[in-house]
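Taking it in order: structure first as structure tokens, then the write-up.
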Amino acid sequence: MSESAKWYVVHTYSGYENKVKTNLESIVENRNMHDAIVDVKVPTEMVTEIKDDNTREVERKLYPGYVFVKMVMTDETWYVVRNIRGCTGFVGPSSKPVPLSEEDVARMGVETRVIEVNYKVGDNVRVTDGLLDGYIGVVEEISLEKQKVKVTVSMFGRETPVELDLDQVELLED
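Each residue of the sequence shown is one higher than the one before, counting from 0 in numbering that gives the first Met the number 0.
Spelled out as structure tokens, the structure:
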């Protein structure tokens, strides 16, 4: 059932994001709705604040007033989410819930994909996607935080550095 679960955005009163998240998670637990409401998130980022010559790390909400819910849309799940204290409704035209597209989910940082990297700097790799599909190159640099890899590819007899996503290359087996 969770295959058809999609991300929806719920509007909340300002400052109620974590309370809505906790209440929704407890209702899911109490009613055993794990298959219908899969995940609830309040995306945050760590920011360094400098105040009166003191620096400290502060967790800040990326989207204040919004909670992201991954769920299968049914009348029951709509009712449960809509009636959480502090929730003002779903984001969408005339409060009709509209799921986020895969691109939106990735761009907004709601759901992070974990990519297994089985190659290291100096390894020969094959490009598996994009314009350079099929080309072979050497890994020069791997950036896990940016989810990028720099590969030097030989094109027209010239070494050309290219930056690709981590999942666009695979280790070349000997």
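Each residue gets a CB set at the ideal place from its N, CA and C atoms; glycine is no exception.
- Secondary structure note for THR21: it is in no beta strand (DSSP E), and the uninterrupted alpha helix (DSSP H) holding it is 16-30.
- Counting only runs of 4 or more residues that sit fully inside the region 74-112, the alpha helix (DSSP H) segments are 74-81 and 101-107, in chain order.
- In the structure shown, the three-state DSSP call for SER153 is strand.
- Take the alpha-carbon of GLY88 and the one of TYR134: they are about 49 Å apart.
- Just measuring C-alpha positions, the residue of LYS69, VAL37 and LYS60 sitting nearest VAL46 is LYS60.
- Taking a cut-off of 8 Å on C-beta distances, the region 56-72 touches the region 15-33, as three or more cross pairs fall below it.
- The secondary-structure analysis by DSSP pairs ASP128 with nothing; it has no beta-bridge partner.
- DSSP places ASN117 in no beta strand (DSSP E); its state is neither H nor E.
- Classified as exposed, LYS50 has fewer than 16 neighbouring CB atoms from the shown chains inside 10 Å of its CB.
- Boundaries of the beta strand (DSSP E) around MET70: 65-70.
- Counting of Cβ neighbours within 10 angstroms places LEU143 among the exposed residues, the total staying below 16.
- Rounded to the nearest whole angstrom, the C-alpha separation of LYS119 and VAL138 is 7 Å.
- Per the C-alpha coordinates, the member of VAL168, ASP74 and ASP52 positioned closest to GLU140 is VAL168.
- Linking VAL116 to ASP128 through their CA atoms gives a straight-line distance of about 16 Å.
- In the assembly as shown, LYS145 is an exposed residue. Its beta-carbon has fewer than 16 other beta-carbons within 10 Å.
- A Cβ-Cβ separation of about 5 Å places GLU16 in contact with VAL41 under the 8 Å criterion.
- Considering only VAL37, LEU165 and SER13, the residue with the shortest C-alpha distance to GLU24 is VAL37.
- Within the same chain, GLU162 come within 6 Å of LYS147 by CB-CB distance, once the 5 residues on both sides are set aside.
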